[in-house]
Structure formats: C-alpha cells, structure tokens
Amino acid sequence: METTCDQGGPWDVYLRNCPCRDVLDLLANKWTALVLGALARGPHRFGELRRAVDGISQKMLTQNLRQLERDGFVTRTVYPTTPPTVEYALTEMGAEVGAHLIALSTWSQANFDRIRAAREQYDGRELQPVR
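Counting along the sequence shown from 1, when you hit position 122 you're at 122 in the UniProt record's numbering, and nothing is skipped either side.
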C-alpha cells in the first residue's frame, strides 16, 4: 500500500502523489533559479530582470514570475506612474530559498572545470558491450 500526502502532511517529495513535488519542480527549474538569484541582488523591474537573466524569453520570465508570486517567493509592486512601473522583489521566503540557489550556483561555477573533466573522461572511454 502506497503512502500518500495528498490531503495534508507530513510532506514527502519522494512520494509520487505528494503535492510538494510541484514546489521542487519549480525550484529545480533553471530559469526559476536564475530569476531568484537575480532578485537576491535586489528588486528589479521586468526589463532589468530580463537583461539580468540572459537568454530568458519574455513569456518564460512572465510565467516564472507569476508562479513565484503565487507561491509566495516574489512580490509584485505596481507604482502609480505613467506608464505604471512594476517592480519585483523577493519575499522573506524567497530570500531564504534564494540563498540556497545562489550557493548551488556558486558551487556549480567553482566546480565546472572538474565536471567538464569528468565529462571528457566519460565521453573518451571505450564503450563496453552489455552482457
């Protein structure tokens, strides 16, 4: 019999039906990690954020920001200017998870030479027949 956490805790991302997997899916997305990392540097307007996260499309940034706002990681503030100015910033929870994602990004950059060497070694070896 499979244990589920559909209706309430305790939450366990290792269970297939656990709704907290949605949060893990969101946070494991590269665009989400990069958006949170950029916002960890301070509030950004949409255009600033799009430039800060090189390569993200307007549609993908919009989708990510909406989901992050819905889940409580980001706030969206509209200022009464003409045209309206919109600014995105991390909530306390967003800053908390952002710190972990920044640490992961920092680790990835610091260890990329090791990762690349491992890939080259793996790709260069002769494939052994499967028995």
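Ideal placement from N, C-alpha and C gives every residue a C-beta, glycine not left out.
Residue 37 is a Cβ neighbour of residue 102, given a cutoff of 8 Å. The stretch 104–117 and the stretch 53–73 do not touch, with fewer than three beta-carbon pairs separated by less than 8 Å. Shown here, residue 41 sits in coil according to DSSP, grouped into three states, outside any helix or strand.
Counting C-beta atoms within 10 angstroms of its own C-beta, residue 33 has 16 or more neighbours from the protein chains shown and is therefore classed as buried. Our two residues, residue 13 and residue 39, have alpha carbons roughly 26 Å apart in a direct line.
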